[in-house]
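S.K.: Here it is, the structure in full.
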Amino acid sequence: LERHKKSEVRSQKSEVRSQKSEVRSQKSEVRSQKSELRSQKSEVRSQKSEVGSQKSEVRSQKSEVRSQKSELRSQKSEVRSQKSEVGSRKSEVGSQKSEVGSQKSEVGSQKSELGSQKSELGSQKWPSSAIVPMKTVAGIECK
1 LERHKKSEVR
11 SQKSEVRSQK
21 SEVRSQKSEV
31 RSQKSELRSQ
41 KSEVRSQKSE
51 VGSQKSEVRS
61 QKSEVRSQKS
71 ELRSQKSEVR
81 SQKSEVGSRK
91 SEVGSQKSEV
101 GSQKSEVGSQ
111 KSELGSQKSE
121 LGSQKWPSSA
131 IVPMKTVAGI
141 ECK
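Residues 1 to 143 (full-length UniProt numbering) are what the sequence shown spells out, left to right.
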């Protein structure tokens with residue numbers, strides 16, 4: 001009976017050792033899983049940070065594109081204003097040229113009229129009594 005009890009005790013002790021070993025293995029496995037989970041969480045945080053950085057970069061680029069589009073619209077508006085100003089100046093120059101042409105035509109008409117008048121004067125006959133010879137007295141011309 002004593003031997004049987006001792007054998008039973010040894011069996012129980014062996015079983016306890018096996019259970020303890022199993023518990024240690026399970027604890028080690030849990031620690032490994034926790035470590036893996038921490039690594040995965042760290043990787044997720046890194047990826048989220050990278051995504052945040054990329055989103056921020058995209059926002060900056062979109063803002064830059066909007067600024068460039070606004071600048072382009074301003075430049076186009078300025079070009080249209082300048083073209084309109086050039087058109088107005090050309091129209092003004094055209095009006096001035098037309099005015100100059102009218103004035104030249106008027107001058108030409110006046111010259112033609114003056115020529116006609118001179119021709120008319122030249123064709124008139126002057127009486128001989130109308131011609132008075134000039135005399136010089138002490139260097140002064142007198143009638």
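Backbone N, C-alpha and C define an ideal beta-carbon position, used for all residues, glycine too.
Keep in mind that this is a model prediction, so the values were computed, not measured.
Going by DSSP in three states, residue 96 sits in which element: helix, strand or coil?
M.R.: helix
S.K.: What is the DSSP secondary structure of residue 114, counted as helix, strand or coil?
M.R.: helix
S.K.: For residue 14 and residue 20, I'd like the C-alpha separation in whole angstroms.
M.R.: 10 Å
S.K.: So what does DSSP say about residue 75, is it helix, strand or coil?
M.R.: Three-state DSSP puts residue 75 in a helix.
S.K.: Alpha carbon to alpha carbon, how far is residue 83 from residue 60?
M.R.: 35 Å
S.K.: In whole angstroms, what is the alpha-carbon distance linking residue 97 and residue 79?
M.R.: 26 Å
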